[in-house]
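Colleague: What follows is a single structure, and I will ask about it in a moment.
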Amino acid sequence: MTSVLSLNAWGGRLHGPLLGYLADSPADVICLQEVTRTPGHRHGWLDYRDGDIVLPQRTNLFDEIAEALPDHDGLFMPAARGVLHDGETAVPSEFGLATFWRRSLSLLGQAQDFVHGAFLADRWGEHPRARNAHVIRVHDHEAGFTATIGQMHGLRDPAGKQDTAAKLAQAEAFAALVRNVWPGGERLVACGDLNVLPQSRTFAILGELGLRDLVIGHGFTDTRTSLYAKPGRFADYMLVNEMVSVTSFDVVAEPEVSDHRPLELSFG
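Sequential numbering from 1 applies to the sequence shown in the UniProt record's numbering.
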């Protein structure tokens with residue numbers, strides 16, 4: 001049996017509960033969105049500022065999570081390098097995805113690329129900002145099978161989560177990236193904060209890979225926590241193909257470690 005966890009880490013705003021939850025997690029593969037890293041800067045807090053919006057961010061969330069997961073290897077993939085603030089001091093910092101996999105798994109292949117926009121080395125960019133995806137292929141020796149697992153952070157459109165040409169293009173790009181790693185004929189999992197509605201054509205595009213969503217399929221109606229006050233409670237999804245035998249799946253309401261709920265999957 002292999003287990004996968006997907007979570008938007010929210011820049012580590014609930015730092016203590018988040019690290020405790022991840023350290024205790026039995027997940028073999030952990031897919032995280034909204035992870036920060038600031039090489040050469042001390043651990044602690046920095047501020048993200050966008051007009052009237054001020055959000056605290058952990059300076060080096062990736063490093064802190066890596067320390068909490070000594071039995072995993074990990075990879076950080078920045079989507080952009082912009083400015084956070086330490087008081088009045090501007091600090092260049094990176095923001096993106098992180099994937100961790102248990103060291104007992106054999107990593108057989110991987111690919112990462114942008115599904116919307118391109119990397120900006122000196123600014124966050126205009127909305128909707130660049131987004132990336134990561135796919136790994138691992139062999140679980142204890143379970144006796146190979147699986148491909150991909151994650152994506154879907155672009156955030158200020159106009160809302162409805163389908164746009166850009167969102168459908170990112171779904172096509174994600175599917176193409178998966179095909180670069182997944183040979184077919186084996187277990188396939190796709191997950192992440194897709195930032196789309198349940199009726200999105202994204203699911204038809206990913207359905208061409210044989211994927212079906214577990215959040216909608218299992219009757220969950222909320223992937224956000226009490227810390228998210230806006231309407232529209234869907235953001236995060238976990239999809240599997242027919243070769244995945246689901247042992248358990250949950251959209252975790254407690255503990256609250258982000259404004260997103262973790263998605264936990266165990267499968268054979």
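Ideal placement from N, C-alpha and C gives every residue a C-beta, glycine not left out.
Count the other CB atoms, across all protein chains shown, that sit within 10 Å of the CB of A121; report buried if there are 16 or more and exposed otherwise.
Modeller: exposed
Colleague: Any idea if residue 269 is buried or exposed, counting beta-carbon neighbours within 10 angstroms, 16 or more meaning buried?
Modeller: No statement about residue 269 is possible, as the shown extent of the chain runs from 1 to 268 and does not include it.
Colleague: Per the DSSP calculation, T148 is bridged to which residue(s)?
Modeller: R137 and L188
Colleague: For a test of the three-state rule: what should DSSP assign to G217, helix, strand or coil?
Modeller: helix
Colleague: Rank Q33, Q110, E126 and R201 by C-alpha distance to the C-alpha of W182 and give the top, closest one.
Modeller: Q110
Colleague: Less than 7 Å between C-beta atoms, sequence neighbours within five positions excluded: which residues of the same chain meet that for G217?
Modeller: Here the set comprises nothing.
Colleague: So if DSSP puts N132 in a beta bridge, which residue, or which two residues, is it bridged to?
Modeller: According to DSSP, which records beta bridges pairwise, N132 is partnered with F114.
Colleague: If we ignore side chains and look at the alpha-carbon of each, how far apart do L239 and A165 end up?
Modeller: Answer to the nearest angstrom: the Cα atoms are 22 Å apart.
Colleague: If we require 3 or more residues per run, which beta strand (DSSP E) segments fall completely within the region 65 to 130?
Modeller: 72 to 86, 89 to 102 and 106 to 116
Colleague: Determine whether the Cβ of F220 lies closer than 8 Å to any Cβ atom of chain B.
Modeller: Note that chain B does not occur in the displayed structure, where there is just one protein chain.
Colleague: Leaving aside the five residues before and after R49 along the sequence, list all residues of the same chain whose C-beta is less than 7 Å from its C-beta, in chain order.
Modeller: In its chain, beyond the 5 residues on either side, H85 have a beta carbon closer than 7 Å to the beta carbon of R49.
Colleague: Report yes or no: do the region 112 to 128 and the region 57 to 69 share at least 3 C-beta pairs separated by less than 8 Å?
Modeller: In short, these stretches do not touch, since the Cβ pair count stays below three.
Colleague: Does the Cβ-Cβ distance between R103 and F145 come in under 8 Å?
Modeller: no
Colleague: Classify P262: buried if its beta carbon has 16 or more other beta carbons within 10 angstroms, exposed otherwise.
Modeller: buried
Colleague: Under the three-state reduction of DSSP, which class applies to T202: helix, strand or coil?
Modeller: helix
Colleague: List the whole-angstrom C-beta distance separating D47 from L55, where the pair is believed to meet the contact cut-off of C-beta under 8 Å.
Modeller: 7 Å
Colleague: Can you give me the start and stop residues for the beta strand (DSSP E) that V54 sits inside?
Modeller: Looking at the DSSP string, the run of the beta strand (DSSP E) that includes V54 is I53 to R58.
Colleague: Do the CB positions of G268 and M77 come within less than 8 Å of each other?
Modeller: For G268 and M77, no; Cβs fall outside 8 Å.
Colleague: In whole angstroms, what separates the C-alpha of I149 from that of D140?
Modeller: One C-alpha to the other measures close to 12 Å.
Colleague: Would a C-beta distance cut-off of 8 Å place V196 and K230 closer than the cut-off?
Modeller: K230 sits away from V196, with the two beta carbons spaced by 8 Å or more.
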